[in-house]
Amino acid sequence: MGRLDNKVCIITGANSGFGEEMTRLFAKEGAHIIAADYNPEILTKYKGSGLDVTPVVCDVTKEDQVKKMVKVAKDKFGRLDVLCNNAGINNKKPYRVHEYPVEEWDMLYNVLVRGAFLVMKESIKLMLKSGGGSVINTGSIGGFRATVGSTAYCSAKGAIRMMTTNAAAEYVKDNIRINSVCPGIFNTAILKGLQPDVLEFLANQVPMGYIGNPIDMAYLSLFLASDESKYITGQSILIDGGRSCM
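Going by numbering that gives the first Met the number 0, the sequence shown opens with residue 0, and the numbers climb by one from there.
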């Protein structure tokens, strides 16, 4: 038996990176997946994979699209057990506060904070009718410590951390657990195109000595999605190769 047998899961940002690894792993563990992404490539991403994946195009900043995404779970399965609230973006380049273009700041907050809120809001509505569930927000080490040039990103991830804590307190009596997973330096699209010496520099910032693999994030999320973590809520769990302890 799989660790998520027959659980209905929504995963946003499912076209690549953490979201793709979560989608593939969760489906292999027996879950029914609604895989959402703003990129229309999601519609063919898992075609022929043999996995139980229902693709949905969704811009998480658009309330009507978020509602339609959650309605897919309701109409197809009648419930929702797990949300991986994972869609996100990063700075286009480093900025100090006085240099930050307002439109870029707004775009980042729109996706990371407003988007996470809208997805959680609509998903919790269905979880309440389903008798409970597990919400897993994607945070960041940036929600715990500063990164020069990334005030918008770090403060937005700080907002995710507090959104997680507050929402967990609000829904603990409803059998809805809400946690966040907070990665450090990982081998995702953000690192593509960087020179080998830059990658080596980044790896040297990690006490374990190497950049994380998205599958490690997926396994942590799998634990939080499963009943194995039934006594855990309101936590923001760092997964960073020891970087935060140095």
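Ideal placement from N, C-alpha and C gives every residue a C-beta, glycine not left out.
Cα-Cα, which of the options is closest to residue i?
i	options	result
asparagine 90	Glu98, Lys70 and Ala202	Glu98
glutamate 20	Tyr218, Ser243, Asp226 and Lys124	Tyr218
tyrosine 260	Arg95, Gly241 and Leu223	There is simply no residue 260 to check, as the chain begins at 0 and stops at 245 in what is shown.
aspartate 64	Leu50, Met162 and Asp36	Note on identity: in this sequence residue 64 is glutamine, with aspartate being the wrong assignment. Nearest of Leu50, Met162 and Asp36 to glutamine 64, Cα basis: Asp36.
leucine 237	Phe200, Ala224, Lys128 and Arg144	Arg144
threonine 232	Thr146, Asp196, Gly87 and Glu169	Glu169
tyrosine 235	Ser220, Ser225 and Asp226	The identity of residue 235 in the sequence shown is serine, whereas the question assumes tyrosine. Closest by alpha carbon: Ser220.
Could you check whether residue j and residue i sit closer than 8 angstroms to each other, using their CB atoms as the reference points?
i	j	result
cysteine 83	serine 139	no
leucine 107	alanine 151	yes
valine 69	serine 122	yes
isoleucine 177	alanine 167	yes
isoleucine 214	serine 179	no
methionine 216	phenylalanine 25	no
threonine 60	arginine 113	yes
glycine 87	threonine 137	yes
What's the C-alpha gap between residue i and residue j?
i	j	result
isoleucine 32	tryptophan 104	32 angstroms
valine 101	threonine 11	26 angstroms
alanine 115	asparagine 85	8 angstroms
glycine 49	glycine 130	29 angstroms
Note down, in chain order, each residue of its chain lying with its Cβ closer than 8 angstroms to the Cβ of residue i, except the 5 sequence neighbours on either side.
i	result
valine 71	Ile33, Thr53 and Val55
proline 206	Gly240, Gly241, Arg242, Cys244 and Met245
lysine 66	Glu121
alanine 188	Ser15 and Gly16
glutamine 204	Ile184 and Arg242
aspartate 51	Ala26, Ala30, His31 and Ile32
valine 222	According to the sequence provided, residue 222 is phenylalanine. The question's valine does not apply to it. Closer than 8 angstroms at the Cβ level, and outside the excluded window around phenylalanine 222, lie Ser228.
Evaluate residue i with the Cβ neighbour count: other Cβ atoms within 10 Å of its Cβ, from every protein chain shown; 16 or more gives buried, anything less gives exposed.
i	result
methionine 0	exposed
lysine 229	exposed
arginine 23	buried
methionine 161	exposed
Which residues in the same chain have their Cβ closer than 7 angstroms to the Cβ of residue i, if we skip the five residues on either side of it in sequence?
i	result
arginine 95	Gly148
glycine 141	Ser149, Tyr152, Cys153 and Lys156
leucine 58	Residue identity check: residue 58 is aspartate in the sequence provided, not leucine. Around aspartate 58: Tyr37 and Gln64.
Skipping 5 residues on each side, what residues in its chain have a beta carbon closer than 6 angstroms to that of residue i?
i	result
methionine 126	Leu79, Gly132 and Ile175
glutamate 28	Gly1, Arg2 and Leu3
Could you check whether the Cβ of residue i sits closer than 8 angstroms to any Cβ belonging to chain D?
i	result
aspartate 63	Judged by its chain identifiers, the structure shown contains no chain D, having just a single protein chain.
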